[in-house]
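Asks:
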Amino acid sequence: MKLIIASDIHGSVKYCKLLLDAYRNEGAEKLLLLGDILYHGPRNPLPEGYAPMKVAEMLGEIKDEILCVQGNCDAEVDKTVLPFKVNSVFAFTFVDRRTFILFHGHKDIYQPKPNEIMLTGHTHVPLKEVGDYIHLNPGSTSLPKEGSAHSYILYDNGKFLFKNLETNETYDELKITVK
933 MKLIIASDIH GSVKYCKLLL DAYRNEGAEK LLLLGDILYH GPRNPLPEGY
983 APMKVAEMLG EIKDEILCVQ GNCDAEVDKT VLPFKVNSVF AFTFVDRRTF
1033 ILFHGHKDIY QPKPNEIMLT GHTHVPLKEV GDYIHLNPGS TSLPKEGSAH
1083 SYILYDNGKF LFKNLETNET YDELKITVK
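What the sequence shown shows, in the numbering used here, is residues 933 to 1111, in sequence order.
(1) Look at N976 and L1075 and say whether their C-beta atoms are less than 9 Å apart.
(2) Using a Cβ distance threshold of 8 Å, determine whether the segment 996-1003 contacts the segment 1064-1071, with at least three qualifying pairs required.
(3) Measuring alpha carbon to alpha carbon, tell me which residue in G959, K946, H1054 and Y982 is nearest N1004.
(4) Between which two residues does the beta strand (DSSP E) harbouring P1070 extend?
(5) Note down, in chain order, each residue of its chain lying with its Cβ closer than 7 Å to the Cβ of E1061, except the 5 sequence neighbours on either side.
(6) At the level of alpha carbons, what is the spacing between A954 and L1097?
(7) May I ask whether a heavy atom of the ligand ATP can be found less than 8 Å away from the beta carbon of G1071?
(8) What residues match up with T1073 in a beta bridge as DSSP calls it?
(9) Since V1027 contacts V987 with CB under 8 Å, what's their CB separation in whole angstroms?
(10) Which of the three DSSP states, helix, strand or coil, is assigned to E1105?
(11) Could you give the residue range of the alpha helix (DSSP H) that holds D940?
(12) Under 8 Å by Cβ, that's how I've got V1013 and I1041 pegged, so tell me the actual separation to the nearest angstrom.
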């Protein structure tokens, strides 16, 4: 199964469009969104092409293919305008006989078990940590920090490819054993 893992769109039409283009071009079956979908937040600048209602409309095109968790910038009202369910704190999904745990990352709410894959956003900086469990962060689609690129992760049959959203180039990867 191919998945696109992304976080921190923050209401940017420009980067939402690029994300949806990548989703279609990669042939993904699910989009895992790790929060901060519409609002830019009080500490962030307005992202390029800021239009939260248009982002909601665009994501509605694939609403049945989205698994989403709430970020710290997502308000209850955002849940009423998004055309798909936003899980409040975290979500689990099972892919290739592995447990993927999704949450935004602004709160420490779950301690992964060995061999689980924890996906978080929030920091706007890509992360790849491998130990007893795997912790991955795709960075931010619209407001990357610390010199990182606008980015997402493509999961495909045991490979996590960290990709630049603007160039579609892979800049890092992690291979796992598919059970």
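We put the beta carbon where it would ideally sit given N, CA and C, even for glycine.
Replies: In short:
(1) Residue 976 sits at position 44 when you count from the first residue of the sequence shown. Residue 1075 sits at position 143 when you count from the first residue of the sequence shown. The Cβ atoms of N976 and L1075 sit closer than 9 Å to each other.
(2) No, because fewer than three Cβ pairs between the segment 996-1003 and the segment 1064-1071 fall closer than 8 Å, the two stretches do not touch.
(3) Along the sequence shown, read from residue 1 onward, the residue named residue 1004 stands at position 72. Per the Cα distances, H1054.
(4) Here residue 1070 corresponds to residue number 138 of the sequence shown, with the count starting at 1. Looking at the DSSP string, the run of the beta strand (DSSP E) that includes P1070 is I1066 to P1070.
(5) Here residue 1061 refers to the residue found at position 129 when the sequence shown is read from its first residue. Closer than 7 Å at Cβ, skipping near neighbours: H1067.
(6) Counting from one through the sequence shown, the residue named residue 954 turns up at place 22. Counting from one through the sequence shown, the residue named residue 1097 turns up at place 165. A954 and L1097 have their alpha carbons spaced roughly 7 Å apart.
(7) In the structure shown, the ligand ATP is absent, as is every other ligand, since no ligand is present at all.
(8) Start at 1 with the first residue of the sequence shown, and residue 1073 comes out as number 141. Beta-bridge pairing links T1073 to no other residue.
(9) In the sequence shown, counting from the first residue as 1, residue 1027 sits at position 95. In the sequence shown, counting from the first residue as 1, residue 987 sits at position 55. Beta-carbon to beta-carbon, V1027 and V987 are separated by about 26 Å, too far to satisfy the 8 Å threshold.
(10) As a working mapping, residue 1105 is identified with position 173 in the sequence shown. Looking at E1105 - three-state DSSP - the assignment turns out to be strand.
(11) Residue mapping note: residue 940 aligns to position 8 of the sequence shown, counting from 1. Run containing D940: none; DSSP gives neither H nor E here.
(12) What you label residue 1013 is simply residue 81 of the sequence shown in a count that begins at 1. What you label residue 1041 is simply residue 109 of the sequence shown in a count that begins at 1. Not a contact, Cβ separation roughly 25 Å.
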